[in-house]
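> In this note's numbering, the protein residues as written are 1 to 104. Dumping the structure here so I can ask a few things about it.
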């Protein structure tokens, strides 16, 4: 799964399962002590949306304006979304925001 591949390359937050890439994780993954069951197809879709945002933003790190990971976790759990990239069409933005929906 995407989440497992990211865990091998980026380390941000330690959990009972492993070190996970906080800035790419779905809210449900960040809401609990992470177990293997928390990584689902839905959490993969959320992470894919973050990767799509990063690519469209020309490599900007997700939540780059947020200094610490605890604040990133708070914002993601609160339902905050990454900002719309410059020159992003509304059609593409609609796709991105659907990947971050709590009701995909």
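The beta carbon of each residue, even a glycine, is placed where N, CA and C say it ideally should be.
So residue 99 and residue 46 are in contact, right, with Cβ under 8 Å, and what is the actual spacing, rounded?
Start at 1 with the first residue of the chain shown, and residue 99 comes out as number 99. Start at 1 with the first residue of the chain shown, and residue 46 comes out as number 46. Right, their Cβ atoms sit about 6 Å apart.
> Would you identify the three-state DSSP class for residue 60, choosing helix, strand or coil?
Walking along the chain shown from the start, residue 60 turns up at place 60. Coil.
> Between 70, 65, 51, which lies nearest to residue 97 when the distance is taken from Cα to Cα?
Translated into the one-based positions of the chain shown, residue 97 becomes position 97. Comparing Cα positions, the closest option is 51.
> Distance check for residue 41 and residue 54, CA to CA, integer angstroms please.
For the purposes of this step, residue 54 is taken as the residue at position 54 of the chain shown. For the purposes of this step, residue 41 is taken as the residue at position 41 of the chain shown. When rounded, the distance between both Cα atoms is 20 Å.
> At the level of alpha carbons, what is the spacing between residue 69 and residue 22?
For the purposes of this step, residue 69 is taken as the residue at position 69 of the chain shown. For the purposes of this step, residue 22 is taken as the residue at position 22 of the chain shown. Each residue's Cα considered, the two are about 7 Å apart.
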